[in-house]
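Only one structure is covered here, and it is reproduced in the block below.
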Amino acid sequence: HQQFTNGFLAENNPKYAIIDTDAGGGKTITIAMDMVDLLKKAKVKRCLVVTKNNLVKDFANEITAISQGKLNPFVLTAQTIKKITENFELDAKGLVKLVKECPPNTIFITSYDFMSRIWDPVTGEKAPAIEYGDDLIRSWPAARLLRMMEFDYICCDEAHIIKNMLNANGGGSDKAMGT
53 HQQFTNGFLA
63 ENNPKYAIID
73 TDAGGGKTIT
83 IAMDMVDLLK
93 KAKVKRCLVV
103 TKNNLVKDFA
113 NEITAISQGK
123 LNPFVLTAQT
133 IKKITENFEL
143 DAKGLVKLVK
153 ECPPNTIFIT
163 SYDFMSRIWD
173 PVTGEKAPAI
183 EYGDDLIRSW
193 PAARLLRMME
203 FDYICCDEAH
213 IIKNMLNANG
223 GGSDKAMGT
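Residues 53 to 231 (this note's numbering) make up the sequence shown, in order.
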């Protein structure tokens, strides 16, 4: 099923795909094969995997093992960004430039927890809430920072987390998606 899925993704090049497989069913291998294929064909420049916080390290290790070291995982979390920006004296623009200059076999990995932070990962300042009519819109600086890095392949592992996060923040997924 992994070869079939990878073949389907390679042949059809869908803008979005949902791979519904049980735990241990080989999603990581399928995702890694798809990323390698797209990177080799130069159809994408930067790949991002978003997963649960406790799976970030596992995903990085699996990517390395599956690709036999041909893919370089780069973990983007509050801790790694803090270390990078402090060690290299970078601001947000410098960090974005660093990411964009990484070799094309670099796979970036982050967590849903990181993306939903209301604290700026570079400055450490709390982002303001913005009034929009009667609603307060939460600003998510970490997600904004990732968007500036211009990923053109994003894999949302355990994507049901998005719906759960949106519901926990007071708005159903249908409201948050504008439907």
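Yeah, the Cβ is synthetic: ideal placement off N, Cα and C, and Gly gets one too.
Residues bridged to residue i [DSSP beta-bridge criterion]
i, result
"Tyr205", "Cys99"
"Ser163", "Thr103"
"Pro155", "Looking at the DSSP assignment, Pro155 forms no beta bridge with any residue, so it has no partner."
7 Å Cβ shell around residue i - same chain, five flanking residues per side excluded
i, result
"Thr153", "Just to set this straight, residue 153 is Glu in the shown sequence, not Thr. If we look at Glu153 and ignore the five residues flanking it on each side, it has no Cβ neighbours."
"Ile206", "Leu100, Val102"
"Asp204", "Val96, Lys97, Arg98"
Distance between residue j and residue i (C-alpha atoms, nearest Å)
i, j, result
"Leu135", "Gln120", "The sequence as given places Lys at residue 135; Leu does not occur at that position. Looking at the two C-alpha atoms, the distance is approximately 27 Å."
"Arg199", "Asp209", "18 Å"
"Thr82", "Gln131", "28 Å"
"Asp86", "Phe166", "24 Å"
"Val88", "Pro193", "29 Å"
"Lys109", "Thr158", "15 Å"
"Ile118", "Ala84", "7 Å"
"Ser168", "Lys122", "30 Å"
"Ala195", "Phe160", "14 Å"
"Leu137", "Ala144", "In the sequence as displayed, the identity of residue 137 is Thr instead of Leu. Rounded to whole angstroms, Thr137 to Ala144 spans 8 Å at the Cα level."
"Glu277", "Asn139", "For residue 277 there is no data in the structure shown, the boundaries of the chain being 53 and 231."
"Ala94", "Glu141", "32 Å"
Closer than 7 Å to chain B by CB, residue i
i, result
"Thr82", "Among the chains in the structure shown there is no chain B, since it carries only a single protein chain."
Cut-off 6 Å between Cβ atoms - residues of its own chain near residue i, not counting five sequence neighbours on either side
i, result
"Gly224", "Low local confidence applies: a pLDDT of 42 at Gly224 is under 50, so the model's placement there is unreliable, with the coordinate-based value given in what follows. Closer than 6 Å at the Cβ level, and outside the excluded window around Gly224, lies no residue."
"Asn106", "none"
"Thr232", "Nothing can be reported for residue 232: it is not among the residues displayed for the chain, which extend from 53 to 231."
Boundaries (first-last residue) of the beta strand (DSSP E) holding residue i
i, result
"Phe126", "124-127"
First through last residue of the alpha helix (DSSP H) which encompasses residue i
i, result
"Lys93", "Neither: Lys93 is in no alpha helix (DSSP H) and is coded neither H nor E."
"Asp110", "108-118"
"Glu138", "130-139"
Close-in-space but distant-in-sequence residues of the same chain around residue i (CB under 8 Å, 5 per side omitted)
i, result
"Pro155", "Asn124"
Stretch pair the stretch 142-150 + the stretch 107-119: three plus CB contacts closer than 8 Å: no
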